[in-house]
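Participant: When you read off a place in the sequence shown, starting at 1, and then add 15, the result is the number in our numbering.
Would you mind keeping the following structure in view while I ask a few things?
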Amino acid sequence: MKASDEGMSARQAAARLGVGASSAIRWIARAKIGELAPRPQGRRRASSLDAHEAFIVGLIEERQDNHAERDGGAARRRAISADQPQRLERLASRSRLDIQKKSAHALEQGRLDILKRRRDWFDGQLDLDPAKLVFIDETGLSTKMARLRGRAPRGERCRAGVPHGHWKTTTVTGALRLTGMTAPFIYDGAMNGNVFLAYVEQVLVPTLSEGDVVVMDNLPAHKAAGVRDAIEAAGASLL
């Protein structure tokens, strides 16, 4: 400021004092209007999107999988300047709308007929005895299953032999009750409809009692002909 008062131009003063010319011009301009105190540091710069924050946040809340490019397209249709996706991301972050992995669910759950069926199913579980539930599931083991990582001298590959051309699969099936595992079954091979029917008739059914509820997933082998009949003949039901 003193150099400027002595008649130097802003650029001359900047050259003498070793500061940027643009900074000197800005400081002198502020001094001429009486603004000598330093401005707060680190404050957020105003954005042209601030006036449209409610609209853009509404876009995100309407479809949670929207991304910056799609939101930017909608913003441009409203004559809003949104050429930089990062600005949209910062605005969403200020509104506590963070990017995160989706927790997906079946879209059909929102259909009225599905909602009714789900409510009816839940209503029917109010008097369900947990001790009557029997959950069926399988797991498989293969001789080509091996650890993916090991140790080797630096600079050398970690090599290991794994059966591949003539590998073997073993299937383990069982039932889970409130009291623990029951009806275990090990089969030398992959599960199919005939094998599962044999498991139900010879292993599972002898453990069932009147009123038991057998629960299993949609594995094709579980839908083999005769499976439901064998379970219901023992006085149990199948879900």
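Note that beta-carbon positions come from the ideal geometry of N, C-alpha and C, so glycine has one too.
As the structure is a computational prediction, the values presented were derived from the model and not from experiment.
(1) Does the beta-carbon of Ala39 have 16 or more other beta-carbons within 10 angstroms, so that it is buried, or is it exposed?
(2) What first and last residue would you give for the beta strand (DSSP E) that runs through Ser157?
(3) Sorry if obvious, but does the Cβ on Val242 come closer than 8 Å to a heavy atom of the ligand MN?
(4) Assign Thr186 to buried or exposed, taking buried as 16 or more other Cβ atoms, counted over all protein chains shown, within 10 Å of its Cβ.
(5) Report yes if the CB atom of Ala175 is closer than 9 Å to the CB atom of Leu212, and no otherwise.
(6) Which one of Leu253, Ser19, Ser24 has the shortest CA to CA distance from Arg243?
(7) Can you give me the Cβ contacts of Met23 inside the same chain, cut-off strictly under 8 Å, excluding the 5 residues immediately before and after it?
(8) For Leu253, name the three-state secondary structure that DSSP assigns.
(9) What distance in whole Å lies between the Cβ atoms of Leu122 and Arg192, which are believed to be in contact at a cut-off of 8 Å?
(10) How would you label Leu219, buried or exposed, when you count the other beta carbons within 10 angstroms and need 16 or more for buried?
(11) Enumerate in chain order the residues of its own chain whose CB-to-CB distance from Phe150 is below 6 Å, with the five nearest sequence positions on each side excluded.
(12) Can you tell me where the alpha helix (DSSP H) holding Leu127 begins and where it ends?
(13) Considering only the beta carbon of each residue, do Ala189 and Glu216 sit closer than 9 Å?
Facilitator: Quick look at the numbers:
(1) buried
(2) 148–157
(3) Judged by which ligands are present, the structure shown has none, so any question about the ligand MN falls away.
(4) buried
(5) no
(6) Leu253
(7) Arg31
(8) strand
(9) About 34 Å; that fails the 8 Å criterion.
(10) buried
(11) Leu191, Val230
(12) 127–138
(13) It is worth fixing the name first, because residue 189 is Gly in this sequence and not Ala. It is not a contact, given that the beta carbons lie outside the stated cut-off.
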